[in-house]
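Undergrad: Here it is, the structure, as structure tokens.
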Amino acid sequence: MQYGYFDDEAREYVITRPDTPYPWINYLGCDEFYGLFSNTSGGYCFYRDARMLRLTRYRYNNVPADAGGRYFYLRDGGDVWTPSWMPMKSALDRYECRHGMGYSKISSSRNGLAFSQTSFVPLGDNCEIHKVILTNESKAQKNVDIFSFIEFCLWNANDDMTNFQRNFSIGEVEVEGSRIYHKTEYRERRNHFAVWAVNVPINGFDTDRQSFLGLYNGFDQAKTPFEGKANNSIASGWAPIGSHHIKAVLAAGESKTFVFVLGYCENPADQKWDASFKDFISGKSGNKGVINSKVINKTPANALLEKYKTAEAADTALAALNVYWKNLLARFTVDAEDKKMARMAGVWNQYQCMVTFNMSRSASYFESGIGRGMGFRDSNQDLLGFVHLVPERARARILDIAATQFPDGSAYHQYQPLTKRGNNDVGSGFNDDPLWLICGVAAYIKETGDYSILDEKVPFDNNEALADTLFIHLKRSFYYTVTNKGPHGLPLIGRADWNDCLNLNCFSSTPGESFQTTANFESGIAESVLIAAIFVFTGPDFAEICRRTGRADEAESAEKEIAVMIEAVNQHGWDGDWFLRAYDAHGKKIGSRECDDGKIFIESNGFAAMAGIGAEDGRAQKALDSVKEHLDTPYGIVLLQPAYKDYHLELGEVSSYPPGYKENAGIFCHNNPWVTIGETVLGRGNRAFETYKNICPAYREDDSDLRRMEPYVYAQMVAGKDAPHFGEAKNSWLTGTAAWTFVSISQYILGVRPVYDGLLIDPCIPSTMKNYTVMRHFRGADYHITVDNSAGIEKGVKSITVDGNALDGDVLPVFGDGKKHEVIVKMGV
Ligand code: GLC
Ligand code: GLC
Numbered sequence: 004m005q006y007g008y009f010d011d012e013a014r015e016y017v018i019t020r021p022d023t024p025y026p027w028i029n030y031l032g033c034d035e036f037y038g039l040f041s042n043t044s045g046g047y048c049f050y051r052d053a054r055m056l057r058l059t060r061y062r063y064n065n066v067p068a069d070a071g072g073r074y075f076y077l078r079d080g081g082d083v084w085t086p087s088w089m090p091m092k093s094a095l096d097r098y099e100c101r102h103g104m105g106y107s108k109i110s111s112s113r114n115g116l117a118f119s120q121t122s123f124v125p126l127g128d129n130c131e132i133h134k135v136i137l138t139n140e141s142k143a144q145k146n147v148d149i150f151s152f153i154e155f156c157l158w159n160a161n162d163d164m165t166n167f168q169r170n171f172s173i174g175e176v177e178v179e180g181s182r183i184y185h186k187t188e189y190r191e192r193r194n195h196f197a198v199w200a201v202n203v204p205i206n207g208f209d210t211d212r213q214s215f216l217g218l219y220n221g222f223d224q225a226k227t228p229f230e231g232k233a234n235n236s237i238a239s240g241w242a243p244i245g246s247h248h249i250k251a252v253l254a255a256g257e258s259k260t261f262v263f264v265l266g267y268c269e270n271p272a273d274q275k276w277d278a279s280f281k282d283f284i285s286g287k288s289g290n291k292g293v294i295n296s297k298v299i300n301k302t303p304a305n306a307l308l309e310k311y312k313t314a315e316a317a318d319t320a321l322a323a324l325n326v327y328w329k330n331l332l333a334r335f336t337v338d339a340e341d342k343k344m345a346r347m348a349g350v351w352n353q354y355q356c357m358v359t360f361n362m363s364r365s366a367s368y369f370e371s372g373i374g375r376g377m378g379f380r381d382s383n384q385d386l387l388g389f390v391h392l393v394p395e396r397a398r399a400r401i402l403d404i405a406a407t408q409f410p411d412g413s414a415y416h417q418y419q420p421l422t423k424r425g426n427n428d429v430g431s432g433f434n435d436d437p438l439w440l441i442c443g444v445a446a447y448i449k450e451t452g453d454y455s456i457l458d459e460k461v462p463f464d465n466n467e468a469l470a471d472t473l474f475i476h477l478k479r480s481f482y483y484t485v486t487n488k489g490p491h492g493l494p495l496i497g498r499a500d501w502n503d504c505l506n507l508n509c510f511s512s513t514p515g516e517s518f519q520t521t522a523n524f525e526s527g528i529a530e531s532v533l534i535a536a537i538f539v540f541t542g543p544d545f546a547e548i549c550r551r552t553g554r555a556d557e558a559e560s561a562e563k564e565i566a567v568m569i570e571a572v573n574q575h576g577w578d579g580d581w582f583l584r585a586y587d588a589h590g591k592k593i594g595s596r597e598c599d600d601g602k603i604f605i606e607s608n609g610f611a612a613m614a615g616i617g618a619e620d621g622r623a624q625k626a627l628d629s630v631k632e633h634l635d636t637p638y639g640i641v642l643l644q645p646a647y648k649d650y651h652l653e654l655g656e657v658s659s660y661p662p663g664y665k666e667n668a669g670i671f672c673h674n675n676p677w678v679t680i681g682e683t684v685l686g687r688g689n690r691a692f693e694t695y696k697n698i699c700p701a702y703r704e705d706d707s708d709l710r711r712m713e714p715y716v717y718a719q720m721v722a723g724k725d726a727p728h729f730g731e732a733k734n735s736w737l738t739g740t741a742a743w744t745f746v747s748i749s750q751y752i753l754g755v756r757p758v759y760d761g762l763l764i765d766p767c768i769p770s771t772m773k774n775y776t777v778m779r780h781f782r783g784a785d786y787h788i789t790v791d792n793s794a795g796i797e798k799g800v801k802s803i804t805v806d807g808n809a810l811d812g813d814v815l816p817v818f819g820d821g822k823k824h825e826v827i828v829k830m831g832v
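This is how it looks when you write it as structure tokens:
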């Protein structure tokens with residue numbers, strides 16, 4: 004069944020009942036301050052780094068689910084309820100949650116009292132705004148008590164949920180009028196604090212959790228709202244919270260608006276304290292707070308709260324945010340009869356790409372925000388999905404990533420967003436990593452035409468003394484693969500390749516040991532056919548970049564290496580009906596009919612087809628036919644078959660998952676678009692679109708009880724056919740699926756593909772798709788592209804006109820004139 008619908012006009016997903024099969028969330032923020040926000044107002048926020056600077060507490064994997072958020076308790080007469088449904092699961096006469104581009108709005112009502120909460124992070128400021136409107140829809144006056152509620156995190160989210168012997172003694176707050184300040188650790192080394200404020204006078208407050216809730220109560224039984232009176236508690240240690248108590252008298256039909264702001268503020272180290280400290284001690288200033296505590300210099304908070312002190316100011320900020328998203332998404336829009344495809348490709352898929360750009364894999368409802376930094380491989384691939392939206396930021400991101408590369412071309416597997424330094428948390432030596440840098444840089448240059456990035460001096464291993472041009476980084480990436488080959492002339496896999504769980508040199512028999520950082524057996528033998536295919540796919544971009552920057556000799560040498568690699572795949576990477584996946588540390592085949600389990604894998608087949616390996620002699624077709632035959636399901640293509648039933652020491656984590664989950668034969672959505680793109684290389688538009696559609700969430704909106712995740716975003720994984728919950732999705736939002744599906748639909752199916760000289764028009768669509776239009780902003784001009792497929796074919800362009808003139812070839816030129824150009828494409832043979 005469905006739990007909502009797409010409002011395409013407003014670019015919102017409208018959730019119509021609160022008890023969705025899993026919390027359906029949205030992301031607030033697009034720069035440095037972020038909030039995760041669920042359809043019942045759950046979630047948390049942080050400044051820049053979800054681990055180190057978390058403002059509010061959130062309990063993952065808790066009961067009930069989604070505990071913790073920005074809550075409002077209403078007391079209408081004697082009736083206490085929570086208008087976002089959670090935490091009290093209050094019966095509501097009306098409920099709706101609209102998740103839009105960077106904002107969410109929850110509206111509900113009960114017994115004639117209507118509530119709405121519009122939540123967002125304004126552009127340029129480090130805060131969440133929650134604009135709350137109460138409306139008395141009844142015929143009589145209402146006396147309403149509002150209790151706001153947030154729970155502060157003591158900044159370091161990891162420490163916050165483990166180090167209780169210290170944390171229960173360090174919490175500190177200050178209250179000044181309607182402003183509650185959280186200043187734990189501010190007395191020592193922090194120069195930042197949080198503020199939770201409302202723009203009206205309050206009748207009371209609470210800052211101590213136990214005083215507000217009662218020790219043995221959950222959020223659903225908070226004692227203070229039932230008592231109807233705040234305790235004016237001042238937290239000292241234990242668990243600091245922020246709760247305002249406001250008494251609102253509403254005449255029949257009357258509305259009242261409140262602007263709540265949750266902000267992050269910083270002071271220079273020498274200006275941390277307020278000069279009026281003395282008044283505070285003497286009690287003259289009227290501040291309530293701990294007597295032995297100095298008073299925060301509130302200058303930054305004052306400025307922030309002054310700015311958002313009225314509903315109009317909040318509305319203006321929201322309007323600016325709307326304009327920001329409108330302009331951003333205007334860079335690529337689609338109009339087609341298939342509304343599901345159009346709304347995903349034109350809006351939600353790109354929105355998700357922006358979120359993955361901002362979060363990498365750090366904070367979602369499945370990534371706790373404390374574990375993972377920015378992945379070298381992931382960040383490069385994410386770039387493919389947002390480079391057309393924010394090319395300047397993609398440029399900066401590339402330079403950050405490249406700066407963590409080792410001098411030999413290999414890479415730390417991840418780096419910290421705050422320090423931008425590589426770290427060894429998941430080690431290094433994932434031998435596919437270097438190649439993704441070429442992939443990312445090539446995408447950036449094709450989008451922008453900006454070759455100057457190649458001349459940027461970029462450190463290796465963040466060491467300025469080792470800096471060299473980005474071009475040299477690419478060269479080291481390319482030759483890292485060339486110089487790290489195994490017995491069959493195929494690339495050595497190292498710790499793993501794209502598939503983090505194919506750990507062929509790990510041999511772990513110790514419970515809990517990391518599969519990624521353990522090497523009990525450095526074979527120097529295990530090889531990856533996937534890395535070979537990635538090399539053949541991205542290598543030509545390296546060669547092309549060489550040629551276009553006057554390095555013809557380099558280009559030629561690179562092309563020779565690519566030819567050698569193709570030959571190695573032909574010789575040792577083909578299994579008869581599909582491409583092999585790898586050779587293990589003993590030189591045994593993986594992904595071969597000779598294997599008992601794991602006979603066929605998706606990755607090497609999809610990527611080889613994308614790279615055009617075997618396209619001329621029918622092997623690519625054969626490989627993708629085999630993928631369809633052995634791996635396809637209505638919910639997408641599973642990663643391998645048959646699923647591994649037992650743990651294999653020589654394979655590592657892939658065989659650790661129960662059959663049908665994650666890399667062990669789950670539908671790992673990230674790699675499905677490789678098959679989609681491979682199908683378009685072969686000209687099979689019907690099948691390409693089928694593979695696109697099967698993993699696209701909008702087509703499963705009415706199947707939400709099974710799929711469970713948000714119908715407006717991709718999930719990393721859908722349980723495969725071997726799993727008891729076949730079809731159930733997990734790990735929504737932060738996945739490389741977002742970028743790759745956007746590449747597959749925009750560049751290869753709809754066929755509007757940036758190339759070095761312009762925009763290549765090369766659709767490969769289902770024969771039933773008769774026409775569509777794409778609006779593409781590209782290098783300073785707008786291309787309004789209308790594709791006419793009345794011929795009903797899958798691939799083939801017969802003619803193109805640009806502004807009425809016939810175009811020679813299929814690459815739209817770079818106009819860069821700030822104008823709109825009309826492009827008419829006729830498909831045909
Ligand atoms: C996760 C990782 C990604 C990896 C994939 C397959 O999505 O973030 O780096 O390629 O799993 O293991
Ligand atoms: C990838 C895989 C996951 C594995 C992780 C290890 O994200 O999807 O299964 O645990 O890599 O880093």
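This note's numbering runs 3 ahead of the 1-based position in the sequence shown. Heads up, the beta-carbon is just placed ideally off N, CA and C, and yes, glycines get one too. Quick caveat: nothing in here was measured; it's all calculated off a predicted structure.
Mind checking whether the beta-carbon of T738 lies closer than 7 Å to any heavy atom of ligand 1?
TA: At least one heavy atom of ligand 1 is nearer than 7 Å to the Cβ of T738, so yes.
Undergrad: My guess is that V800 and I748 are in contact by the Cβ rule of under 8 Å, so how many angstroms apart are they, rounded?
TA: Not really, about 18 Å apart at Cβ, beyond 8 Å.
Undergrad: Can you find the residues in the same chain that come closer than 8 Å, C-beta to C-beta, to A566, ignoring five residues on each side of it along the sequence?
TA: Around A566: no qualifying Cβ.
Undergrad: So is the beta-carbon of G378 under 7 Å away from any non-hydrogen atom of ligand 1?
TA: True, at least one ligand heavy atom lies under 7 Å from that Cβ.
Undergrad: What residues are listed by DSSP as bridge partners for M830?
TA: Paired residue(s): V800.
Undergrad: Name, in chain order, the residues that DSSP records as bridge partners for Q120.
TA: BP columns for Q120 point to I109, V135.
Undergrad: Taking Y6 and R20 to be in contact with their CB atoms under 8 Å, please state how far apart those CB atoms are, rounded to whole angstroms.
TA: That belief holds up - the Cβ atoms of Y6 and R20 are roughly 6 Å apart, short of 8 Å.
Undergrad: Relative to the C-alpha of P1, which residue among T789, P676, I803, G761 is closest?
TA: Since the displayed the chain opens at 4 and closes at 832, residue 1 lies outside it and no answer follows.
Undergrad: Please classify V832 as buried or exposed, where buried requires at least 16 neighbouring CB atoms within 10 angstroms.
TA: Counting Cβ neighbours within 10 Å, V832 comes out exposed, since fewer than 16 surround it.
Undergrad: Would A53 and G372 qualify as a contact pair, given that the criterion is a beta-carbon distance under 8 Å?
TA: Their beta carbons are under 8 Å apart, which means A53 touches G372 by this criterion.
Undergrad: F40 to I698, Cα distance in whole Å?
TA: Answer to the nearest angstrom: the Cα atoms are 24 Å apart.
Undergrad: List the whole-angstrom C-beta distance separating A612 from S531, where the pair is believed to meet the contact cut-off of C-beta under 8 Å.
TA: Incorrect: roughly 17 Å between the Cβ atoms, too far for contact.
Undergrad: Contact check, I149 vs I249 under 8 Å by CB: the rounded distance?
TA: Correct: roughly 5 Å between the Cβ atoms.
Undergrad: Between D385 and ligand 1, is there a pair consisting of the residue's CB and a ligand heavy atom that are separated by less than 7 Å?
TA: No, Cβ of D385 sits at least 7 Å from all heavy atoms of ligand 1.
Undergrad: Measuring straight from C-alpha to C-alpha, what distance separates L157 and R57?
TA: L157 and R57: Cα-Cα distance of roughly 7 Å.
Undergrad: Kindly indicate which three-state DSSP category C543 falls into: helix, strand or coil?
TA: The sequence shown places Pro at residue 543, rather than the Cys named in the question. Residue state, collapsed to three classes: helix.
Undergrad: For S141 versus G115, is the C-beta spacing smaller than 8 Å?
TA: Yes, they are a contact pair.
Undergrad: Figure out for me which residue from G515, A536, E525, E395 has the closest Cα to the Cα of W501.
TA: Residue A536 is the option with its Cα nearest to W501.
Undergrad: With distances taken Cα to Cα, identify the nearest neighbour of V805 among A784, E797, A794, S382.
TA: The residue with the shortest Cα to Cα distance from V805 is A784.
Undergrad: For Q144, does the three-state DSSP call read helix, strand or coil?
TA: Here Q144 sits in coil by DSSP.
Undergrad: Let me know the alpha helix (DSSP H) ranges lying completely inside the region 179 to 258, each 4 residues or longer, listed in chain order.
TA: Listed in chain order, they are 212 to 216, 226 to 230.
Undergrad: Check whether the Cβ of H651 sits closer than 7 Å to any heavy atom of ligand 1, and report yes or no.
TA: Every heavy atom of ligand 1 is 7 Å or more from the Cβ of H651, so no.
Undergrad: Once you ignore the five residues that flank S110 on each side, which residues in its own chain have a CB closer than 6 Å to its CB?
TA: E99, S119, listed in sequence order.
Undergrad: Which of the three DSSP states, helix, strand or coil, is assigned to V298?
TA: Reduced to three states, the DSSP call for V298 is coil.
Undergrad: Indicate whether G639 and N675 have their beta-carbon atoms separated by less than 8 Å.
TA: It is a contact, given that the beta carbons lie within the stated cut-off.
Undergrad: Give the straight-line distance between the Cα atoms of R380 and E15, rounded to the nearest whole angstrom.
TA: Straight-line Cα distance between these residues: approximately 31 Å.
Undergrad: Pop quiz: M830 and I796 are said to be a contact at Cβ under 8 Å. What is the actual Cβ separation, rounded to whole angstroms?
TA: Right, their Cβ atoms sit about 6 Å apart.
Undergrad: In angstroms, rounded to a whole number, what distance separates the CA positions of H728 and Q574?
TA: Approximately 40 Å between the Cα atoms of the pair.
Undergrad: Relative to the C-alpha of I788, which residue among V826, T694, F155, E450 is closest?
TA: With distances taken between Cα atoms, I788 lies closest to V826.
Undergrad: Measure the alpha-carbon distance for V293 versus I205 and round it to whole angstroms.
TA: Below a pLDDT of 50, predicted positions are generally treated as unreliable, and V293, at 49, falls in that range; no measurement from the model is reported.
Undergrad: In the region 440 to 516, which residue ranges form an unbroken alpha helix (DSSP H) of at least 4 residues, counting only runs that do not cross its ends?
TA: You should have 473 to 485.
Undergrad: Please confirm whether any heavy atom of ligand 1 lies closer than 7 Å to the CB of C442.
TA: No, since every heavy atom of ligand 1 falls outside the 7 Å radius drawn around the Cβ of C442.
Undergrad: What are the boundary residues of the alpha helix (DSSP H) that includes H1?
TA: With the chain running from 4 to 832 in the structure shown, residue 1 is simply not present.
Undergrad: Ordered along the chain, which non-local residues of its own chain (more than five positions away) have a Cβ less than 6 Å from that of R78?
TA: Contacts found: D148, P228, G231.
Undergrad: Run the proximity test for R54: is its beta-carbon closer than 7 Å to any non-hydrogen atom belonging to ligand 1?
TA: Not so, every heavy atom of ligand 1 lies at least 7 Å from the Cβ.
Undergrad: Are Y775 and L753 touching if we call contact CB-CB under 8 Å?
TA: A contact, by the Cβ cut-off of 8 Å.
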